[in-house]
Amino acid sequence: MRNRMIINSLVCFLCISCIRSDGENLIQEINNDFLERIELSKKHIIMNVGDEILLCDIITGKFFSDYENTIIITHYPSNITVPEYNWMSSDPMVAEIRDNKLIGIFPGEALLIVKVKGLDEEAICSVTVLE
């Protein structure tokens, strides 16, 4: 009987200690702190030579009203820390990345690739640059 009371008390203590002051469950937060996937707001984009398209994450993207000239990356689940991203172009002679912008350089096809720094997760957008 006494052992049962001790075990019940210990279980209650552990359950209470896993709840943060704001009511969130720490165990759930720790389990969700893994990136499942990333997505870009566009799968294909057509631009002209000299055009610039802003590349940003979902947090920064909320501040821009010109979504036509913005590609936004979103990570899932959204409740984890925003990861660090590396933006790349498969053909910098067609479209290059400079100062968080995709810039049309020469007519052709390229891929905009974004990877999560330190992980294998990536998202791709095909790019067509016209004259």
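Numbering (our numbering), first residue to last: -14 to 116.
Where is the CB? At the ideal position from N, CA and C, for every residue including glycine.
Just the C-alpha distance for residue i and residue j, rounded to the nearest angstrom, thanks.
i, j, result
"Arg83", "Thr55", "14 Å"
"Met73", "Leu40", "11 Å"
"Thr59", "Lys27", "11 Å"
"Asp76", "Asn85", "16 Å"
"Ile57", "Met78", "23 Å"
"Val99", "Tyr70", "6 Å"
"Glu53", "Ile90", "19 Å"
"Glu37", "Glu81", "10 Å"
"Ile31", "Val101", "24 Å"
Using a Cβ-Cβ cut-off of 8 Å (strictly less than) and excluding sequence neighbours within five positions of residue i, which residues of its own chain qualify?
i, result
"Leu104", "Leu20, Pro68"
"Tyr61", "Leu20, Glu21, Arg22, Ile23, Glu24"
"Glu107", "Ile23, Ile98, Val99, Lys100, Val101"
Following the continuous beta strand (DSSP E) through residue i, name the residue where it begins and the one where it ends.
i, result
"Gly89", "86 to 89"
"Asn33", "29 to 33"
"Val114", "107 to 115"
"Ser75", "Unbroken run through Ser75: none, as it is neither H nor E."
When DSSP labels each residue in this structure, what does residue i get in the three-state scheme?
i, result
"Glu21", "coil"
"Val101", "strand"
"Ile65", "coil"
Suppose the cutoff is 7 Å on Cβ atoms and the five residues either side in sequence are ignored; what does the same chain contact list for residue i look like?
i, result
"Pro92", "Val34, Val114, Leu115, Glu116"
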